[in-house]
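Peer 1: In the working numbering, the protein residues as written are 3 to 444.
Please find one structure pasted underneath; my questions will follow.
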C-alpha cells in the first residue's frame, strides 16, 4: 500500500526537467532532431564571474575628462601591406545574407561605419548593400565557398578563413529552403527553395600544412594587401591558435560556445565546445609561447554584451572582440513591440530563436520581402552605432578606473574571480585570495 505525504509537494527531477521531458516527447513524435538559431541557453561560467580591481592608493586612476584612454586597434600588420585600423576594438561578427535580410546587412554596415569598426560578410558571398555601406569589410572564406569569387576577395579589406564556429565547432551551417530566395540562390549557385547544409571542413585542405598553402594562395590573389584571419571554434584553443600562427595568420578569431548561429542542431549548441571564458587564456598562452602576442592579434567572440565584457576579454589578453547576437538585438531583433506576433509563432520576445524559419517579425532574420521591409536600415544602423559607442565608453570607463591609458593596457592583474570555475578558467585569483585552482599555495 502506497502512502503520499500530503505535507510534501510533488518533486520533479532535476535530470528529467520540464524541458527535457518535452524534448523526449517531441523527438518521439517527429523522429527528427531540433534545429534552432542563437547560442547556448545553458548557464556556463562567463564574464559576469569576474570583477575589476579599480584604483585606490596602490593604483592611480585616470581623470576621464582630462586624460586620454585610447581605444583604437590595428589588425593584420604581421604580413599584410594594408592592415586595418579601427577606432574601437568591438567588431561585427560574420552573419550571412541569407540568414539575414538585405536591410539587416545594410544596417550592420551603416552602424559599424559610424562607429569606426568593421563588419564581416558571413557565408554566401558579398552583397552590394554591405560593401557599399561598410567602410571596413571582412570577407569570410568558408568551407561551402558559396558566393566566393576572386573579385570579391579583392574588394574586401580583410579575409577571414573560417575553420570553425563556437556554436558548432566541427559542424557546418544550415540554411533552410524557405530562406533561399531567387537572389540568395543566385549568389550561392544553389537551387531556389532547397535546404542547404554547409560543409564542416574545407574541401581542399585537411591540416595546418595545407592551410599554410591556402593562406599563401589568398595572399597572392590579393597581392599581399589584405590581412588574413583564421577563425576557430572554442574547442582546443591552445593548439588551434598555435597552428593558425604557424600557418601564417595575421589574426586569430576565437569563438566560444556562447556564440550564436543562424541554424544548427540544438544538441550541438548545448553540448559541443567550451565557454568563451575558458578559451581566452590558452589562446593567449599559445601566442606568448610563440613570441607573437600583440603581433598576431586575437579577436574573441561568443556572448559579448557590454563594455565590461569587452574590457574583461581585453584584460585577459585579447586585442578585440566581435559581436553577433548583441548586434542583432541592437538592430531590433526580439523587440517586445512585436510580442503579439512572436506569440503567434509560439514564442515570446527575448526567446525567439527560430531564425531558420524566415518568419522573423522584426524583419532581420528573414527573406520575406514584406517582413524585411519592416527594418529601416538607416534607423537600425543608428541604433547599432549608439550601442557600439556606449560599449566603447563603458570599456574606457573601466580602463581609466584601473589607471590605464589604453584598453590594451588592461591585464589579468586587474581582475579577480567570484567562483572557483571562473578563477581556474581565467587564471586570475579568487576574490580575497592570491590563489586560483592550479596555482600552488593559498
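Just so you know, even glycine gets a beta-carbon here, dropped at the ideal spot from N, CA and C.
Since we're looking at a predicted model, the values are computed, not measured.
Go through its chain and collect everything with a Cβ distance to residue 304's Cβ below 6 Å, but skip five positions before and after it.
Peer 2: 168, 257, 258, 260, 261 and 278.
Peer 1: Measuring CA to CA, which of 397, 157, 175 and 103 is closest to residue 200?
Peer 2: 175
Peer 1: What is the C-beta distance between residue 369 and residue 136, in whole angstroms, given that I count them as a contact (C-beta under 8 Å)?
Peer 2: 20 Å between Cβ atoms; not a contact.
Peer 1: Using a Cβ-Cβ cutoff of less than 6 Å, which residues in the same chain neighbour residue 164 once the five nearest sequence positions on both sides are dropped?
Peer 2: 142, 144 and 233
Peer 1: Using 10 angstroms around the beta-carbon of residue 383, count the other beta-carbons present and answer buried if the total reaches 16, otherwise exposed.
Peer 2: buried
Peer 1: For my contact list, residue 78 and residue 327 are in at a C-beta cut-off of 8 Å; report their separation, rounded to the angstrom.
Peer 2: The Cβ separation is near 25 Å, so there is no contact.
Peer 1: Am I right that residue 448 and residue 107 are in contact with their C-beta atoms under 8 Å? What's the rounded C-beta distance?
Peer 2: Here the chain covers residues 3 to 444 and nothing more, so residue 448 does not appear.
Peer 1: Taking the alpha helix (DSSP H) that residue 270 belongs to, which residues open and close that run?
Peer 2: 268-273
Peer 1: Does residue 443 come out as helix, strand or coil in the three-state DSSP assignment?
Peer 2: Bear in mind that a pLDDT of 47 at residue 443, under 50, signals an unreliable position, so the model cannot answer this.
Peer 1: Pop quiz: residue 148 and residue 179 are said to be a contact at Cβ under 8 Å. What is the actual Cβ separation, rounded to whole angstroms?
Peer 2: At roughly 15 Å, the Cβ-Cβ gap does not stay under 8 Å, so residue 148 and residue 179 are not in contact.
Peer 1: Within the region 172-260, note down every full alpha helix (DSSP H) run reaching 4 residues or more, in order along the chain.
Peer 2: 184-190, 210-223 and 239-248
Peer 1: Tell me the rounded alpha-carbon separation between residue 29 and residue 306.
Peer 2: When rounded, the separation of the alpha-carbon atoms in residue 29 and residue 306 is 32 Å.
Peer 1: When you compare each of 314, 271 and 291 to residue 302 by their alpha carbons, which one comes out closest?
Peer 2: Checked all of 314, 271 and 291; the closest Cα to residue 302 is 314.
Peer 1: Determine the direct distance from the alpha carbon of residue 418 to that of residue 17, and round the result to whole angstroms.
Peer 2: 32 Å
Peer 1: For residue 323 versus residue 396, is the C-beta distance shorter than 9 Å?
Peer 2: No, Cβ-Cβ distance for residue 323 and residue 396 is not below 9 Å.
Peer 1: Return the chain-ordered list of same chain residues with a C-beta closer than 7 Å to the C-beta of residue 439, the five sequence neighbours on each side being excluded.
Peer 2: 422, 425 and 426
Peer 1: Which residues in the same chain have their Cβ closer than 6 Å to the Cβ of residue 299, if we skip the five residues on either side of it in sequence?
Peer 2: 77, 253 and 321
Peer 1: Could you give the first and the last residue of the continuous beta strand (DSSP E) run that contains residue 162?
Peer 2: 160-164
Peer 1: What is the rounded straight-line gap between the Cα of residue 48 and the Cα of residue 432?
Peer 2: 14 Å
Peer 1: Just mark residue 43 as buried or exposed, buried being the case when its beta carbon has 16 or more other beta carbons within 10 Å.
Peer 2: exposed
Peer 1: Any idea what DSSP makes of residue 290, helix, strand or coil?
Peer 2: helix
Peer 1: Can you give, in chain order, each stretch of the alpha helix (DSSP H) that sits fully within the region 372-436 and has at least 4 residues?
Peer 2: Segments of the alpha helix (DSSP H) lying fully in the region 372-436: 379-403 and 422-428.
Peer 1: What residue from 185, 309, 226 and 112 has the CA that sits closest to residue 92's CA?
Peer 2: The shortest Cα separation from residue 92 among 185, 309, 226 and 112 belongs to 309.
Peer 1: Locate the alpha helix (DSSP H) running through residue 345, then write down its first and last residues.
Peer 2: 341-346
Peer 1: Indicate whether residue 25 and residue 96 have their beta-carbon atoms separated by less than 9 Å.
Peer 2: A distance of 9 Å or more separates the beta carbons of residue 25 and residue 96.
Peer 1: Which term fits residue 358, buried or exposed, when burial requires 16 or more other beta carbons within 10 angstroms of its beta carbon?
Peer 2: buried
Peer 1: Roughly how many angstroms lie between the CA atoms of residue 81 and residue 229, to the nearest whole one?
Peer 2: 7 Å
Peer 1: Could you work out which residue in 437, 414 and 441 is closest to residue 53 when comparing CA atoms only?
Peer 2: Proximity to residue 53 across 437, 414 and 441 peaks at 414, based on C-alpha coordinates.
Peer 1: Residue 387 to residue 113, Cα distance in whole Å?
Peer 2: Straight-line spacing of the CA atoms in residue 387 and residue 113 works out to 4 Å.
Peer 1: Find out if the Cβ-Cβ distance for the pair residue 56, residue 404 is shorter than 9 Å.
Peer 2: yes
Peer 1: Under 8 Å, with one C-beta from each stretch per pair, do the region 212-228 and the region 148-158 reach the 3-pair mark?
Peer 2: At 8 Å Cβ cutoff, the stretches touch.
Peer 1: Secondary structure at residue 28, three-state DSSP: helix, strand or coil?
Peer 2: helix
Peer 1: Residue 265 and residue 86 look like a contact to me (Cβ under 8 Å); what is the Cβ gap, rounded to whole Å?
Peer 2: Actually they do not touch by this definition, with Cβ atoms about 30 Å apart.
Peer 1: Put residue 309 into one of helix, strand or coil per three-state DSSP.
Peer 2: The answer is helix: DSSP assigns residue 309 an H, G or I state.
Peer 1: Starting from residue 144, trace the alpha helix (DSSP H) both ways and give me its first and last residue.
Peer 2: Note, residue 144: premise wrong, no alpha helix (DSSP H); not H, not E.
Peer 1: What are the start and end residues of the alpha helix (DSSP H) that includes residue 116?
Peer 2: Secondary structure note for residue 116: its alpha helix (DSSP H) is the uninterrupted segment 104-117.
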